[in-house]
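Novice: Input: one structure, supplied below.
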Amino acid sequence: MSKRKIVFAGHDLKFIEHIIKYFQDVLDYEVKVDIWKGHELHDEEESRKLVEWADIIFCEWGLGNVIWYQNHKRDDQILVVRVHRFEMNTKYPKMFDYSKIDKVIAISPFIYEEFYRVSKIPREKMIMIYNAVDVDRFNKPKVNGYEYNLAIIGICPKLKRLDRALDIFEKLYEKDNRYKLFIKGKHPSEYKWIWNDTIQREYYEKQFNRIKKSKYKNSVIFEGWGDVSEFLTKIGYVLSTSDYESFHMAPIEGMASGAIPIVLKREGVNTIFPSQFIFDSVEDVKIINNNNMDLKEFVKIRYSLEKVCSEIQNLIVSLMEGIQ
Numbered sequence: 001m002s003k004r005k006i007v008f009a010g011h012d013l014k015f016i017e018h019i020i021k022y023f024q025d026v027l028d029y030e031v032k033v034d035i036w037k038g039h040e041l042h043d044e045e046e047s048r049k050l051v052e053w054a055d056i057i058f059c060e061w062g063l064g065n066v067i068w069y070q071n072h073k074r075d076d077q078i079l080v081v082r083v084h085r086f087e088m089n090t091k092y093p094k095m096f097d098y099s100k101i102d103k104v105i106a107i108s109p110f111i112y113e114e115f116y117r118v119s120k121i122p123r124e125k126m127i128m129i130y131n132a133v134d135v136d137r138f139n140k141p142k143v144n145g146y147e148y149n150l151a152i153i154g155i156c157p158k159l160k161r162l163d164r165a166l167d168i169f170e171k172l173y174e175k176d177n178r179y180k181l182f183i184k185g186k187h188p189s190e191y192k193w194i195w196n197d198t199i200q201r202e203y204y205e206k207q208f209n210r211i212k213k214s215k216y217k218n219s220v221i222f223e224g225w226g227d228v229s230e231f232l233t234k235i236g237y238v239l240s241t242s243d244y245e246s247f248h249m250a251p252i253e254g255m256a257s258g259a260i261p262i263v264l265k266r267e268g269v270n271t272i273f274p275s276q277f278i279f280d281s282v283e284d285v286k287i288i289n290n291n292n293m294d295l296k297e298f299v300k301i302r303y304s305l306e307k308v309c310s311e312i313q314n315l316i317v318s319l320m321e322g323i324q
């Protein structure tokens, strides 16, 4: 029996790279990737070759990639689209042709409901399958002193709310100056669209000046992008202070490493994180040193790569059986 042929298409594959590898190495699919340069910008000649080749088309993000593939796919091919949240505020969901799209995967219960409410995606076309975490990758021993280290991973754009992270850290530092805050990820000046936006730039300059003038300035450490699994070996707490998130992978990866999440309440957050780590406001945040939950096991049961890929695989098999 020949291998099933699947093409993964999208402009940003960071949330699905490990899923792609799993399909190739473990589930034994024949895999190709169509990397787009933007929401609509791609090598059309290459995409045409791939659409001719594939049995299954998997669009990561519901953007221009979906519109192109739905217009070029054959009737005997499966088209699956995975949506996060960003797409909801774009023109593309209104352009979806559900006679060509077999299933839309929403990466959390909240996102499932929002795409139904806002984008009017028919429920019969949707399924909820969580984002996947490669739990083994993050299962590394912690280094000495990790229990005093907090992290915020990714501070761009402004909605990530670095100011709230500083508020939380400031309170802790006043009680115990052994605490440190690690800010990991790209500097906002590395994103032209952020640094050229006056409101965004002024926001970050205000936060950086706040750090520079503070008594804890030497306890805030900036780290560029890199291997997050290695970084997390020194981290005891991962902050999630955003205005909104579709899932928020960073604190989930933190939990997979044994780090405790500190999550501020927002829409849908209760469908992702255990309730004891969700706080109504900065003022309500408490450091939980002795939690009774096995954080690694929680992530493994709900978000493991094996579980998520099995669910996607089962979906594909059922869809393929439907067109045979």
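Those letters in the sequence shown? Residues 1 to 324, per our numbering, in order.
Note that beta-carbon positions come from the ideal geometry of N, C-alpha and C, so glycine has one too.
In angstroms with no decimal places, state the Cα-to-Cα distance between Thr198 and Ser246.
Specialist: Rounded to whole angstroms, Thr198 to Ser246 spans 26 Å at the Cα level.
Novice: Grab the span of the alpha helix (DSSP H) containing Glu114 for me, first residue to last.
Specialist: First-last of the alpha helix (DSSP H) with Glu114: 109-117.
Novice: Helix, strand or coil for Gly38, going by three-state DSSP, please let me know.
Specialist: Reduced to three states, the DSSP call for Gly38 is coil.
Novice: May I have the straight-line CA-CA distance separating Tyr29 from Asp227, to the nearest angstrom?
Specialist: Rounded to the nearest angstrom, the two C-alpha atoms are 27 Å apart.
Novice: Nearest by alpha-carbon distance to Lys171: which of Ser281, Ser242, Gly38 is it?
Specialist: For Lys171, the nearest C-alpha among the options comes from Ser281.
Novice: Look up Cys156 in the DSSP assignment and say whether it is helix, strand or coil.
Specialist: Coil, per DSSP.
Novice: Answer yes or no: do Ile260 and Tyr237 have a C-beta to C-beta separation smaller than 8 Å?
Specialist: It is a contact, given that the beta carbons lie within the stated cut-off.
Novice: Check whether the Cβ atoms of Asn196 and Phe15 sit closer than 8 Å, and answer yes or no.
Specialist: Contact: no.
Novice: Assuming Val80 and Asp102 are in contact, meaning their beta carbons sit under 8 Å apart, how far apart are those beta carbons, in whole angstroms?
Specialist: Confirmed, Cβ separation roughly 6 Å.
Novice: Just the Cα atoms here: how many angstroms apart are Lys94 and Gln70?
Specialist: Approximately 13 Å, taken between the alpha carbons.
Novice: Measuring straight from C-alpha to C-alpha, what distance separates Arg48 and His72?
Specialist: Between Arg48 and His72, the C-alpha separation is close to 8 Å.
Novice: According to DSSP, is Leu264 part of a helix, a strand, or is it coil?
Specialist: Of the three classes helix, strand and coil, the one that applies to Leu264 here is strand, per DSSP.
Novice: Helix, strand or coil, according to DSSP, for Ser281 in the structure here?
Specialist: Coil at Ser281, not helix or strand.
Novice: Nearest CA to the CA of Gly38: which residue from Leu50, Asp25, Val66?
Specialist: Checking every option, the nearest Cα to that of Gly38 belongs to Val66.
Novice: Between the C-alpha atoms of Ile153 and Phe222, what's the straight-line distance to the nearest angstrom?
Specialist: For Ile153 and Phe222, the distance between alpha carbons rounds to 10 Å.
Novice: What residue from Tyr173, Asn209, Leu159 has the CA that sits closest to Arg266's CA?
Specialist: Residue Leu159 is the option with its Cα nearest to Arg266.
Novice: Give me the Cα-Cα distance between Ile107 and Met128, rounded to the nearest whole angstrom.
Specialist: Computed Cα separation, rounded: 6 Å.
Novice: Applying the 10 Å Cβ sphere with the 16-neighbour rule, what's the burial state of Glu114?
Specialist: Under this definition Glu114 is a buried residue.
Novice: For Lys3, which three-state DSSP category applies?
Specialist: If DSSP states are grouped into helix, strand and coil, Lys3 belongs with coil.
Novice: List the endpoints of the continuous alpha helix (DSSP H) containing Ile199.
Specialist: Run containing Ile199: 198-213, per the alpha helix (DSSP H) assignment.
Novice: Using three-state DSSP, classify Arg161 as helix, strand or coil.
Specialist: In the structure shown, Arg161 sits in coil (DSSP, three-state: anything other than H, G, I, E or B).
Novice: Just to confirm my understanding: we take Lys234, look at its own chain, exclude 5 residues before and 5 after, and list those with CB closer than 8 Å. What are they?
Specialist: Cβ within range, chain order: Lys142, Val143, Gly145, Tyr146, Asn149, Phe182.
Novice: Under 6 Å Cβ to Cβ from Phe23, same chain only, skipping five residues before and after it: list those, please.
Specialist: Around Phe23: Tyr29, Val31.
Novice: State the start and end residues of the unbroken alpha helix (DSSP H) segment that holds Val66.
Specialist: Segment 64-72, the alpha helix (DSSP H) holding Val66.
Novice: With a 10 Å radius around its C-beta and 16 neighbouring C-beta atoms as the bar for buried, classify Asp34 as buried or exposed.
Specialist: Counting Cβ neighbours within 10 Å, Asp34 comes out buried, since at least 16 surround it.
Novice: Less than 8 Å between the C-beta atoms of Lys21 and Val135, yes or no?
Specialist: Cβ atoms of Lys21 and Val135: not closer than 8 Å.
Novice: Taking DSSP's pairing of strands, which residues face Met126 in a bridge?
Specialist: Partner(s): Val104.
Novice: Does DSSP put Ala256 in a helix, in a strand, or in coil?
Specialist: In this structure, Ala256 counts as helix in the three-state DSSP scheme.
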